[in-house]
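**Student:** Structure below; questions to follow.
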């Protein structure tokens with residue numbers, strides 16, 4: 001049960017009763033027990049962790065003094081996952097008194113999961129960080145904002161002077177708005193460092209790299225709603241019933257309405273797999289054999305879409321060569337999946353088109369994550385499913401704004417909107433920001449470091465721990481800023497403990513105190529700064545499907561918290577670059593105007609078409625959300641007739657063009673002016689000769705397939721430049737103002753100005769006027785010749801129990817990337833499996849999110865999940881004399897050890913163990929919750945699964961390896 005410890009904090013054990021029930025009663029204004037809560041929130045009704053539509057309302061809380069004030073209803077968006085569920089917040093007398101799901105929001109249509117139903121407590125929760133605090137002599141002390149910012153700023157400036165700007169790491173967040181995320185990346189640029197990153201690095205960075213390098217953009221192609229049109233859905237390495245519960249409503253609608261087969265590929269039998277018509281259960285880390293095993297049957301039987309491949313796909317012959325190796329016998333030897341099952345599934349995919357393919361972290365968090373995220377799109381390309389309603393690759397994102405903050409460039413290897421870090425990219429953003437390029441260059445330690453990727457968050461700790469001569473920057477990291485990010489979502493936590501101890505300065509900005517605050521043996525120079533929740537500010541957030549929604553402010557900031565963009569302004573002022581940072585942004589007192597930040601985003605984000613979504617347009621979409629169709633997301637009549645909900649990018653040109661947004665990427669069956677397009681011409685016009693050459697541009701001459709309906713260029717073509725406009729005679733369509741802007745940017749090289757650097761938007765406007773996508777019309781490529789594995793191949797995980805397969809499918813040689821050495825072969829060549837025979841993987845729970853600081857501080861959610869546990873197959877449990885509910889110890893090959901409860905279940909196969917990672921408050925058997933400031937911290941404590949997870953990073957993005965490690969177990 002939830003029980004109060006001697007320290008006054010709460011830890012979890014046993015059945016769900018007592019204090020949590022009393023807490024729920026206090027918050028709901030009535031006494032409730034667990035069953036009542038589950039019934040009222042709708043969780044018990046579905047078995048998915050869903051709050052069903054009629055039951056999802058949260059009972060009104062009683063304001064302290066409601067008086068006769070009128071109840072206002074504010075439109076907002078849930079701050080947990082990235083489905084984008086709408087919320088109606090009821091406010092009376094400045095107090096948030098009630099909440100309902102938005103029944104007129106076309107994304108969730110009144111649905112909520114357990115987390116969404118409890119979202120109000122994020123703002124009114126009693127465990128929030130209420131004022132700035134400082135660790136002094138091992139004790140937390142309340143301080144003022146002025147003192148905190150002065151002391152932090154002075155130390156940062158001293159570190160900058162002594163060690164350079166790269167010795168401060170700016171770790172950002174996927175929980176802030178688009179405007180705040182953009183401002184944060186801009187802030188890091190003005191500080192002078194690319195050591196900036198956020199959660200996307202450890203969840204979907206390999207997706208972005210893999211998918212963007214296949215057909216142009218690294219984002220979800222269709223939408224949750226578009227799955228209503230699917231005739232078959234296949235999910236790889238995902239558990240949407242728990243991780244994205246409302247998305248499951250859309251999957252089930254397709255399953256029921258279209259009699260669509262639902263195929264789930266997952267080593268574990270999950271709540272999602274329970275709804276599947278077919279469950280494929282491979283050995284962890286063998287996704288490529290399964291995908292190529294499916295393609296083997298497709299190619300062997302001639303089931304591929306030959307015309308589609310001819311017109312829109314490059315390099316498929318190289319994939320065929322690799323796929324030939326994956327006979328049914330070899331697939332079964334490596335993955336354990338029978339060839340007969342894969343033949344049956346392959347035939348299902350072929351005979352039930354369009355097929356929608358979805359995935360999440362089960363496919364990304366691997367040393368070959370980028371191989372996985374290219375192989376799945378290749379499967380869809382072979383079947384001709386990309387660019388069709390009901391098809392596509394729907395990549396489910398985790399945090400509410402992880403898509404948006406990725407678009408905003410809160411990453412160590414790019415500026416906003418995926419412009420990269422080249423000198424040309426910096427010149428573009430200097431123009432947008434209205435500052436000289438030379439000013440920005442001088443902020444960095446060197447021009448080389450300005451154009452060099454920083455170190456990703458997955459490996460930040462190594463910047464602090466390695467010898468200075470081992471890292472590719474002037475000095476070690478000395479200060480770390482955790483801004484809306486908790487460390488227990490990162491692997492190798494014992495090593496991170498060491499890094500926390502070594503830091504000169506640790507700064508944490510968050511509404512709740514995360515695990516980062518109690519890591520390492522720190523007694524001083526740790527600061528906690530209370531950020532407001534997203535319901536105490538306003539701005540935009542981007543859902544998984546690229547729809548952008550405007551959150552209204554629900555209540556004013558509570559306690560002494562401040563909105564993130566206000567804190568950034570105060571930091572910039574202290575650090576001496578506020579005037580330059582906010583040159584184009586109005587600041588009212590200490591608060592930058594959010595609308596102005598969005599307008600600056602609109603001025604610079606030409607690459608992804610994040611330019612037509614003005615504040616005014618997005619506010620109208622929230623006002624008229626009821627007019628949008630719940631399958632197509634297109635407004636059916638009303639003032640926004642024909643526009644797509646949230647103006648999903650690309651929304652070409654300026655807001656004045658009134659482009660409707662793009663519901664499904666790469667769909668040539670509709671005009672570009674209505675959201676259609678081909679694949680992006682991003683990789684040149686000819687393939688490299690050592691890969692056979694050939695055109696990279698679309699061909700075939702078929703309207704609606706090889707080029708968009710209504711396009712005046714009736715074939716493939718490269719991206720638009722001023723030179724191309726001139727060659728077509730379309731430069732005459734530019735206005736005088738547009739031409740002047742292009743000439744100012746280009747100077748004596750005006751012909752080189754392209755659709756991405758033209759700040760007037762004229763090139764985009766003219767291209768769309770003539771029916772063409774500004775980025776060109778190309779083929780998707782199946783060979784990425786710049787990657788370590790140009791054609792995706794299987795490589796055994798670093799920690800594999802299958803030593804017999806290491807010689808056949810070895811990992812990479814050791815190398816360097818992101819300023820650091822990266823180990824591969826030197827780990828894999830060691831045989832750990834004889835001492836650690838069980839395969840270990842990790843994942844999410846429906847009641848929790850991320851580091852758990854927010855969800856475990858929520859009494860409604862704490863009631864639902866009270867124990868950290870490990871899922872163990874009965875065979876393995878019996879062999880180790882372990883019973884269900886018993887405490888067990890898990891040990892890993894790098895020394896990480898956790899003590900958890902055993903959940904004996906057939907959900908995991910023999911030889912496999914599965915653990916969640918959200919928990920905090922205990923570390924290798926020790927109580928660390930006592931180190932948290934009084935009155936903060938979780939109601940439920942436990943050990944994070946990432947204490948156990950071992951070394952391993954994707955070869956392109958350095959995303960961490962969460963899905964395959966090894967361990968041993970014993971009774972506690």
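Numbering (the working numbering), first residue to last: 1 to 972.
Glycine included, C-beta positions come from ideal geometry on N, C-alpha and C.
All figures in this text were calculated on a predicted structure; none of them were measured in a lab.
1. Quick one: complete alpha helix (DSSP H) runs, 4+ long, within the segment 375–443?
2. In the structure shown, what three-state DSSP assignment does residue 84 receive?
3. Please identify the residue among 358, 293 and 759 whose C-alpha is closest to the C-alpha of residue 330.
4. For residue 118 and residue 861, which I take to be in contact (beta-carbon distance under 8 Å), what is that distance rounded to the nearest angstrom?
5. For a minimum of 4 consecutive residues, which ranges assigned as the alpha helix (DSSP H) are wholly contained in the segment 65–150?
6. Expressed to the nearest angstrom, what Euclidean distance is found between the alpha-carbon atoms of residue 683 and residue 456?
7. Taking DSSP as the reference, what is the three-state secondary structure of residue 651?
8. Can you check which of these residues, 132, 214 and 789, is closest to residue 955 by C-alpha distance?
9. By DSSP, does residue 889 sit in helix, in strand, or in coil?
10. Taking the Cβ atom as the reference point for each residue, do residue 250 and residue 225 lie within a distance shorter than 8 Å?
11. Using CA coordinates, which residue listed in 81, 780, 256 and 164 is at the minimum distance from residue 243?
12. In the DSSP output, which residue or residues are listed as bridge partners for residue 686?
13. Within 10 angstroms of the Cβ of residue 541, are there 16 or more other Cβ atoms? Answer buried if so, exposed if not.
14. What are the complete alpha helix (DSSP H) segments, minimum 4 residues, inside the segment 171–218?
15. Would you call the CB atoms of residue 318 and residue 791 closer than 8 Å?
16. In its own chain, which residues sit with a C-beta less than 7 Å from the C-beta of residue 1054, not counting the 5 before and 5 after it?
17. If I follow the unbroken alpha helix (DSSP H) through residue 485, where does it start and stop?
18. For residue 900, count neighbouring Cβ atoms within 10 angstroms of its own Cβ and tell me buried if that reaches 16, exposed if not.
19. Over what stretch of residues does the beta strand (DSSP E) that includes residue 903 continue unbroken?
20. Quick one: using the 10 Å Cβ neighbour count with 16 as the cut-off for buried, is residue 661 buried or exposed?
21. Given a cut-off of 8 Å, decide if residue 108 and residue 83 are closer than it, judged by their beta-carbon atoms.
22. Is it true that the segment 425–433 meets the segment 227–237, where meeting means three or more beta-carbon pairs spaced less than 8 Å apart?
23. Taking residue 481 as the reference, which of 85, 406, 169 and 254 has the closest Cα?
24. Is DSSP giving residue 727 helix, strand or coil here?
25. Considering residue 667, what are the terminal residues of the alpha helix (DSSP H) in which it resides?
26. Using the C-alpha atoms, what's the distance from residue 702 back to residue 973?
27. Within 10 angstroms of its Cβ, does residue 758 collect 16 or more other Cβ (buried), or is it exposed?
28. So for residue 258, helix, strand or coil by DSSP?
29. Tell me whether the beta-carbon of residue 385 lies closer than 8 Å to the beta-carbon of residue 220.
30. Given that a residue counts as buried once 16 or more other Cβ atoms are within 10 Å of its Cβ, and exposed if not, what is residue 301?
31. Run through DSSP, which three-state label would residue 927 get?
32. Would residue 186 and residue 512 qualify as a contact pair, given that the criterion is a beta-carbon distance under 8 Å?
33. Counting only the same chain and skipping the five closest in sequence on each side, list residues whose C-beta sits under 6 Å from that of residue 324.
34. Taking just the CA atoms, how far does residue 579 sit from residue 592?
35. Check whether the Cβ atoms of residue 87 and residue 101 lie closer than 8 Å to each other.
36. Is there a Cβ from chain C that is less than 8 Å from the Cβ of residue 108?
**Tutor:** From the atom records:
1. List check, alpha helix (DSSP H) in window: 402–407, 423–433 and 437–443.
2. Residue state, collapsed to three classes: coil.
3. Taking only the C-alpha atoms, the option nearest residue 330 is 293.
4. About 5 Å; that satisfies the 8 Å criterion.
5. As far as the segment 65–150 is concerned, its whole alpha helix (DSSP H) runs of at least 4 residues are 114–117 and 121–124.
6. 25 Å
7. strand
8. 789
9. strand
10. yes
11. 81
12. 695
13. buried
14. The qualifying runs are 178–191, 200–203 and 205–215.
15. yes
16. The requested residue 1054 does not occur in the structure, where the chain is confined to residues 1 to 972.
17. Residue 485 -> no alpha helix (DSSP H), and no H or E assigned at all.
18. buried
19. 897–904
20. By the C-beta density criterion, residue 661 is buried, having at least 16 other C-beta atoms within 10 angstroms.
21. yes
22. no
23. 169
24. helix
25. Note, residue 667: premise wrong, no alpha helix (DSSP H); not H, not E.
26. The structure shown does not extend to residue 973, since the chain is modelled only from 1 to 972, so the question has no answer here.
27. buried
28. coil
29. no
30. Counting the other Cβ atoms within 10 Å of the Cβ of residue 301 gives fewer than 16, which makes it exposed.
31. strand
32. no
33. Hits under 6 Å: none found.
34. 12 Å
35. yes
36. The question asks about chain C, but that chain is absent: this structure has only one protein chain.
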